[in-house]
Amino acid sequence: GKPTLYGSLTRRGLSPEGVPDIAASEGFVVSEVTEKSILISCPHENVSTKFLAPYTTFSRIHQKSITCLDISSGGGLGVSASTDGTMKIWQAANGEIRRLLEGHVYDVNCCRFFPSGLVVLSGGMDAQLKIWSAEDASCAVTFKAHKGGILDTAIVDRGRNVLSCSRDGTARLWDCGKSACLGVVADCGAPVNGIAVGAADNSVNLGTPEKTPSEREIGTEGKILLLAREDKKLQGVGLQSRQPVFLFVGSDAFNCCTFLSSTYFLAGTQDGNIYQLDVRNTSAPIQIVHRSGAPVLSLLPYRDGFIASQGN
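Counting from 258, one number per residue, gives the positions in the sequence shown under this note's numbering.
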């Protein structure tokens, strides 16, 4: 294969303001340095990367690796789950632990706040989906129907309905008020690693439901559910119709997906590819971003672009 090491950076000293003086080896340019960031470019390859240092680190919340994390809509609270077997709510400003959410058997795979910021949705290896109060850590609702560990969740609008996907190959829609399953939205025959729900562009045919949707379904109309599948497929399904909209085959197992808008969405694979697709025409991707061969583990829209995390 190609070499992976092309150059080096050397710190020559520190300015009185605390900014490091950094020199790059031949072929690289250090174009901007602050206390918390370094911008490096390689003009010959026409690429640049900005390296950011964290402005704060919370090392006391968990003892082992963190599997999932979310911040409340107001920015005040964080919730995270870890392979140490715990799920905790903490203050985003200082990392102070506020609540311990106990009730799942085995590891918690995913956790997220409802839009209100007062309630948390979690899914575990025990095939259970739970709803928690962020105020007193009580578990208000437990959903049971999946036959395998829950790998991801999504919230429809304000959260009267929620979605989950599982190792059992299904994605399910749930009614929070009645703690009941409203139906299987998709049955893929392969583990579904990640899901995302969003409003679809008006020109996309989402199909029509075979039977009249339950009156308990709130906010499913006009929405599409993305499914990132272990069998290298990315699928789109009409949320209300349960009808397939598209099926895209990628280079490896899909781990995660997210909407950028009602037209564009992203999906990340185990071999490090990030596909950008147009929901109106998924026959070929708009672009494929590949920074390394490490698995793409999560994707998040941010300003005019996105943030991706990889397993390296």
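Cβ coordinates follow ideal geometry from the N, Cα and C atoms, glycine included.
Note that the coordinates shown come from a computational prediction; the quantities given were computed from them, not determined experimentally.
With 16 or more other CB atoms across the displayed protein chains lying within 10 angstroms of its CB, Ala411 is buried.
DSSP, reduced to helix, strand and coil, places Lys489 outside both helices and strands of the structure shown, so it counts as coil. The region 444 to 453 makes no contact with the region 461 to 475, as fewer than three CB pairs between them are under 8 Å. Boundaries of the beta strand (DSSP E) around Met344: 344 to 348. Look at the region 458 to 517 and you find these whole runs of beta strand (DSSP E), each 3 residues long or longer: 480 to 486, 490 to 495, 501 to 506, 511 to 516. Secondary structure of Glu392 (DSSP, three-state): coil. DSSP places Ser316 in the coil class of the three-state scheme, outside both helix and strand. The C-alpha of His301 is placed about 44 Å away from the C-alpha of Phe370.
Less than 8 Å separates the beta-carbon of Arg424 from that of Leu408. Taking every protein chain shown into account, the CB of Thr343 has 16 or more other CB atoms within 10 angstroms, so this residue is buried. About 10 Å separates the Cβ atoms of Gly333 and Trp347, ruling out a contact at the 8 Å cut-off.
Counting along the chain, the unbroken beta strand (DSSP E) around Ile323 starts and ends at 323 to 328. The region 507 to 527 makes no contact with the region 469 to 476, as fewer than three CB pairs between them are under 8 Å.
When the five nearest sequence neighbours on each side are left out, the beta carbons in the same chain lying within less than 8 Å of the beta carbon of Cys433 are those of Ile388, Val398, Gly416, Arg417, Asn418, Val419, in order along the chain. If the five residues before and after Asn569 are omitted, its C-beta is found closer than 8 Å to the C-beta atoms of Ser549, Ala551, all from its own chain and listed in chain order. For the pair Val442 and Arg499, the CB atoms are nearer than the 8 Å cut-off.
Around the CB of Arg269, fewer than 16 other CB atoms lie within 10 Å, so the residue is classed as exposed. DSSP lists Leu296 as the bridge partner or partners of Glu289. Between Leu554 and Cys513, the CB-CB gap stays under 8 Å. Selection Asp364, Phe563, Val413, Asp458 evaluated against Ile323 yields Asp364 as nearest (Cα-Cα). For the pair Thr526 and Ala541, the CB atoms are not nearer than the 8 Å cut-off. By the beta-carbon neighbour count (other beta carbons within 10 angstroms, threshold 16), Tyr312 is exposed. Ser337: member of the beta strand (DSSP E) spanning 334 to 339, first to last residue. In the DSSP secondary-structure assignment, Asn366 is not bridged to any residue.
Going by C-alpha positions, Lys293 is about 26 Å away from Lys321. In the three-state scheme derived from DSSP, where H, G and I count as helix and E and B as strand, Asp444 is classed as strand.
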